[in-house]
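Q:
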Amino acid sequence: MIGIKNNINLFVILVVLIIFIVNCGDNYLVDAAVNTKTKIAVITGGSFDDLGFNAVINEGRVKAQRATEILHFDLFSNVHIDTLNDTIQWCVDEGYTGIISLAVEVATQVRLNAAKFPLVKFLAFGSLATTPNLSWATYNIGIMQYVVGYFAGLMTKTGKIGYIAPGEPLVKNYNANALFVGARRSNETAQVLIYNTGDWIIPDVSVGATDQLIAKDIDFLSNNQDDQSANIQMIKRGYFGLGTNGFPQNRIYGEQIAMGVCHNWTQVFIDFANIVITNSSKSFKFYGEFYNGFLYLDKFGFYVPQVVQQKVQDEIKNLSSVPRAQHPYFCNKYNRELYNLNNSIFGAELPANNCLTNSQFFRLNSDYDGMHWQGFYSVPLTRVDVKHSILYGFTITSGVLIALSLVLLAMIGWFRNAHSIRSASPFFSATIIIGGIMTYIGAIIYALPPSNGSCVAKFWMLAIGYALMVGSLVVKNIRIWMIFDNSELRVVKVTNYQLMPWVAGIVAIMVVLLALMTAPAVGDIKMVQVDWRSEDANDLSKYEYANVCIMGRTASIILYVLLGVFGVLMATGVFVSWKIRTVDIEEFNESKPIANTLYAGLFSIFVIISLMISPQSVNNETTIICSAVLFITTISLGILFLPKFIRIYLYGANTSNVFNRSGKQTRSTATGGKTVSDGNLTQFNDEEGESRAAPATSHDTSSGSIATLERTDSRSMVNRSNSQIITKDQLTISVSNEKPNDDLEMEQP
Numbered sequence: 015m016i017g018i019k020n021n022i023n024l025f026v027i028l029v030v031l032i033i034f035i036v037n038c039g040d041n042y043l044v045d046a047a048v049n050t051k052t053k054i055a056v057i058t059g060g061s062f063d064d065l066g067f068n069a070v071i072n073e074g075r076v077k078a079q080r081a082t083e084i085l086h087f088d089l090f091s092n093v094h095i096d097t098l099n100d101t102i103q104w105c106v107d108e109g110y111t112g113i114i115s116l117a118v119e120v121a122t123q124v125r126l127n128a129a130k131f132p133l134v135k136f137l138a139f140g141s142l143a144t145t146p147n148l149s150w151a152t153y154n155i156g157i158m159q160y161v162v163g164y165f166a167g168l169m170t171k172t173g174k175i176g177y178i179a180p181g182e183p184l185v186k187n188y189n190a191n192a193l194f195v196g197a198r199r200s201n202e203t204a205q206v207l208i209y210n211t212g213d214w215i216i217p218d219v220s221v222g223a224t225d226q227l228i229a230k231d232i233d234f235l236s237n238n239q240d241d242q243s244a245n246i247q248m249i250k251r252g253y254f255g256l257g258t259n260g261f262p263q264n265r266i267y268g269e270q271i272a273m274g275v276c277h278n279w280t281q282v283f284i285d286f287a288n289i290v291i292t293n294s295s296k297s298f299k300f301y302g303e304f305y306n307g308f309l310y311l312d313k314f315g316f317y318v319p320q321v322v323q324q325k326v327q328d329e330i331k332n333l334s335s336v337p338r339a340q341h342p343y344f345c346n347k348y349n350r351e352l353y354n355l356n357n358s359i360f361g362a363e364l365p366a367n368n369c370l371t372n373s374q375f376f377r378l379n380s381d382y383d384g385m386h387w388q389g390f391y392s393v394p395l396t397r398v399d400v401k402h403s404i405l406y407g408f409t410i411t412s413g414v415l416i417a418l419s420l421v422l423l424a425m426i427g428w429f430r431n432a433h434s435i436r437s438a439s440p441f442f443s444a445t446i447i448i449g450g451i452m453t454y455i456g457a458i459i460y461a462l463p464p465s466n467g468s469c470v471a472k473f474w475m476l477a478i479g480y481a482l483m484v485g486s487l488v489v490k491n492i493r494i495w496m497i498f499d500n501s502e503l504r505v506v507k508v509t510n511y512q513l514m515p516w517v518a519g520i521v522a523i524m525v526v527l528l529a530l531m532t533a534p535a536v537g538d539i540k541m542v543q544v545d546w547r548s549e550d551a552n553d554l555s556k557y558e559y560a561n562v563c564i565m566g567r568t569a570s571i572i573l574y575v576l577l578g579v580f581g582v583l584m585a586t587g588v589f590v591s592w593k594i595r596t597v598d599i600e601e602f603n604e605s606k607p608i609a610n611t612l613y614a615g616l617f618s619i620f621v622i623i624s625l626m627i628s629p630q631s632v633n634n635e636t637t638i639i640c641s642a643v644l645f646i647t648t649i650s651l652g653i654l655f656l657p658k659f660i661r662i663y664l665y666g667a668n669t670s671n672v673f674n675r676s677g678k679q680t681r682s683t684a685t686g687g688k689t690v691s692d693g694n695l696t697q698f699n700d701e702e703g704e705s706r707a708a709p710a711t712s713h714d715t716s717s718g719s720i721a722t723l724e725r726t727d728s729r730s731m732v733n734r735s736n737s738q739i740i741t742k743d744q745l746t747i748s749v750s751n752e753k754p755n756d757d758l759e760m761e762q763p
């Protein structure tokens, strides 16, 4: 019997366990199926961790998800107004049948999307007319700011309370009026100072506005921003914060929060989720108040006197017992004061009880007496100039180089009769140095802070300076080419006066282009301010601006033409330098120094272009341009003139190298009109600018070769059989090609 009884007990237990497991399994399977099919999207305009409005929305979503056991109660954060429609479309395509978007600024878009997708349930912020698939939720923000103002009026020591809000067109400042009425309810002398920010979440502006209000002696601050940046700044500055955006700030900042008014969206979301789950056509309107639990007080700081805490709680109880339309922020004497100043301000006659309607309150954007609107706060921009180290470095360096150039110019004048200088033409040498000085001045102007004048002057200095330098170099090389590229065996005379018009013509072309480019009616080159949002801003950080030079489209085209002229000039110089690369009369031929100068300049230009392709900061651009200017100019002057003065230093001012063919050098010194020949190079000690050549004949007794130097006038021509004519300035050299012998002994008359 005992065994049978035990078996029966085991059987009963087994049946109970099976029934329990089946029931639990059925419930799990049913719940899982429902929760998987129901998909609700919560869309916020900011981050869920902003410790403000969006954080409260996300908290309500999390609690509602737990209560309704909906698997896909998903959050989509940082969805701005310009991407909301696309986000909603994506959610619908993904099978979401409920969409919540409670940002004030997107209420109209949500309403339009509700009409577009009738099978999807929507919940928006506001209290407009409902539709079968559109519900509305809002709360009494007026009472919230009123209570905060009431508390601040009791606690303030300075009598000044701050308020920060986005302002129009996003929202009018009616909340500041409610704050002021609450403060005056508890403190008849309280004042409210107001700053607008222009956006719901813009921490940089909120923080800056907070600092400005603190400077104006406020000691408590309320705000209508979606984030908590303003209150955080108050705490950082040593003041107590107020929780005014719905999030229980006491959780994060503890006793640094004196008091706060919080939101609880959980029940709103649960009600909406039930509509979505059941696919009900019954939508709703929700209005959050203290009495229905949507609004509630955060913990008071332990330092808040008990009497103050009690007064605040009593005031809330009193308001809860009074119809909302009769609350003090709707009905007060300050409305009458505004009406007496402007009886059209409310759009209708103000009733005897001084009460505004709900719509009149939300359109209120005028200050009561005791409110002080400070305007829209803008973060002060920091001007970005060229760093002092760069400015001083380039201006001092350019100044030193200008001084050295003036010394060089003086040395050209002092040694103008020396063979090395006369062979290079003192006039063109001085022109090149003057051009270099102009480019150095251009570098200084480029490094200085921009102005309308400097924007124009730097183009003139750099363009004219390089025109004088490069033009003179190219023209001098062309002269050498004309002399040595002479297959007709005739005398070639190319004087400075013949070359000057070419250089002047190059400068004239530059002057015409520059005049057009810098004319206000044509080029419109000017100085403007650009900030980090501008298209012309290169590497500017947020809230930085710079003064930059800009030009119109026409000026840009002319600049390209001007650069094209320089390009043609440089290409011509490089080509001519290549053509005369084999000329090896050292002193009378500057082809190699000029070619080296042009090559260095061309190389530098390619480096500059490579560096300037990508946008550069003000400092980088100045460094690149000024460094290039100083390098090209200095290396050019150095290549051209240093060897000449080194030769003068080593061999004296009256020494001349004419031929240098076999590598040996012959040195000639003026000794009573004679020449001294040494090795394979004969040198002459006299190169008069206006003379041509004195007849001189040298015979090589071993080979019979003859080299003849002849004086001719402009009408004469030397024609010798098998001879070659070489002319430098006014010097004509005839070299016999009959049995050439480099050992020439020549006599100067």
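Each residue of the sequence shown is one higher than the one before, starting from 15 at the first, in my numbering.
In this text, a Cβ means the ideal position worked out from N, Cα and C, and glycines have one as well.
Among 528, 563 and 163, which one has its Cα closest to the Cα of residue 326?
A: Among 528, 563 and 163, the Cα nearest to that of residue 326 belongs to 163.
Q: For residue 574 and residue 494, I'd like the C-alpha separation in whole angstroms.
A: Taking the straight line from one Cα to the other gives about 30 Å.
Q: Nearest by alpha-carbon distance to residue 571: which of 594, 544, 536 and 212 is it?
A: Measuring from the Cα of residue 571, the nearest candidate turns out to be 536.
Q: Can you tell me which of the three DSSP states residue 245 falls into?
A: Here residue 245 sits in helix by DSSP.
Q: Tell me whether the stretch 584 to 591 and the stretch 410 to 425 touch, counting them as touching only if at least three CB pairs, one residue from each stretch, are closer than 8 Å.
A: At 8 Å Cβ cutoff, the stretches do not touch.
Q: DSSP state of residue 171, grouped into three classes?
A: It is coil, neither helix nor strand.
Q: Determine the closest residue to residue 148 out of 116, 157 and 170, with distance taken between C-alpha atoms.
A: Nearest option by C-alpha distance: 116.
Q: Could you tell me which residues DSSP puts in a beta bridge with residue 560?
A: DSSP output for residue 560 lists 544 as bridge partner(s).
Q: Let me know if residue 392 comes out buried or exposed under the rule of 16 or more other beta-carbons within 10 Å of its beta-carbon.
A: Per the 10 Å Cβ criterion, exposed.
Q: Is residue 124 helix, strand or coil by DSSP?
A: Looking at residue 124 - three-state DSSP - the assignment turns out to be helix.
Q: Report buried or exposed for residue 372, applying the criterion of at least 16 other Cβ atoms within 10 angstroms of its Cβ.
A: Counting Cβ neighbours within 10 Å, residue 372 comes out exposed, since fewer than 16 surround it.
Q: Just checking my contact of residue 345 with residue 379 at CB under 8 Å: how many whole Å lie between their CB atoms?
A: Contact flag wrong, Cβ pair sits at about 19 Å.
Q: By the 10 Å Cβ neighbour count, where 16 or more other Cβ atoms means buried, how is residue 79 classified, buried or exposed?
A: Residue 79 is buried by the Cβ-count criterion.
Q: With DSSP as the reference, please indicate the residues paired to residue 137 in a beta bridge.
A: 114 and 149.
Q: Which residues in the same chain have their Cβ closer than 8 Å to the Cβ of residue 659, if we skip the five residues on either side of it in sequence?
A: These residues qualify, in order along the chain: 425, 429 and 434.
Q: My assumption, with CB atoms under 8 Å, is that residue 177 sits in contact with residue 208. Please give the rounded CB distance.
A: Their Cβ separation, rounded to whole angstroms, is 5 Å, which keeps residue 177 and residue 208 in contact under 8 Å.
Q: Taking buried to mean at least 16 other C-beta atoms within 10 Å of its own C-beta, is residue 68 buried or exposed?
A: When all chains shown are included, residue 68 counts as buried.
Q: Hey, residue 158 and residue 322 are a contact pair by Cβ (cut 8 Å); roughly how many whole angstroms apart?
A: In fact, because the Cβ distance is near 18 Å, the residues do not count as touching under 8 Å.
Q: Does the Cβ-Cβ distance between residue 528 and residue 592 come in under 8 Å?
A: Cβ distance not < 8 Å, so residue 528 and residue 592 don't count as in contact.
Q: Near residue 213, which residues of its chain fall below 8 Å by C-beta distance, leaving aside the five closest residues on each side in sequence?
A: Correct list, in chain order: 180, 184 and 219.
Q: Any idea if residue 403 is buried or exposed, counting beta-carbon neighbours within 10 angstroms, 16 or more meaning buried?
A: Result: exposed.
Q: In whole angstroms, what is the alpha-carbon distance linking residue 226 and residue 390?
A: Computed Cα separation, rounded: 12 Å.
Q: Measuring only the C-alpha atoms, how far is residue 330 from residue 314?
A: Each residue's alpha carbon lies about 15 Å from the other.
Q: Using CA atoms only, rank isn't needed, just tell me which of 281, 232, 106 and 64 is closest to residue 770.
A: Within the shown structure, residues of the chain are numbered from 15 to 763, placing residue 770 beyond reach of any answer.
Q: Going by DSSP, which residues form a beta bridge with residue 237?
A: Per DSSP, 178.
Q: What span of residues does the alpha helix (DSSP H) with residue 402 cover, start to end?
A: 402 to 428 is the span of the alpha helix (DSSP H), which, as asked, contains residue 402.
Q: Assign residue 438 to one of three DSSP states: helix, strand, or coil.
A: Three-state DSSP puts residue 438 in coil, outside helix and strand.
Q: On the DSSP letters alone, give me the boundaries of the alpha helix (DSSP H) that residue 520 sits inside.
A: Its alpha helix (DSSP H) spans residues 510 to 532.
Q: Can you say whether residue 554 is buried or exposed, counting buried as having 16 or more other CB atoms within 10 angstroms of its CB?
A: So residue 554 ends up on the buried side.
Q: What's the C-alpha gap between residue 654 and residue 455?
A: Going from the Cα of residue 654 to the Cα of residue 455 covers about 20 Å.
Q: Name the residue from 247, 579, 436 and 196 whose alpha carbon lies nearest to the alpha carbon of residue 168.
A: Measuring from the Cα of residue 168, the nearest candidate turns out to be 196.
Q: Using the Cβ count rule (16 or more neighbours within 10 Å means buried), how would you classify residue 363?
A: The residue in question, residue 363, is exposed, as its Cβ has fewer than 16 Cβ neighbours within 10 Å.
Q: What is the rounded straight-line gap between the Cα of residue 828 and the Cα of residue 512?
A: Look at the range of the chain in this structure, 15 to 763, and you will see that residue 828 is not part of it.
Q: Give me the Cα-Cα distance between residue 541 and residue 638, rounded to the nearest whole angstrom.
A: Distance between the alpha carbons of residue 541 and residue 638 is about 20 Å.
Q: Count the other C-beta atoms from every protein chain shown that fall within 10 angstroms of the C-beta of residue 342, then say buried if there are 16 or more, exposed otherwise.
A: When all chains shown are included, residue 342 counts as buried.
Q: Take residue 316 and list the residues in its own chain whose beta-carbon comes closer than 7 Å to its own, dropping the five residues that flank it on each side.
A: Correct list, in chain order: 269.
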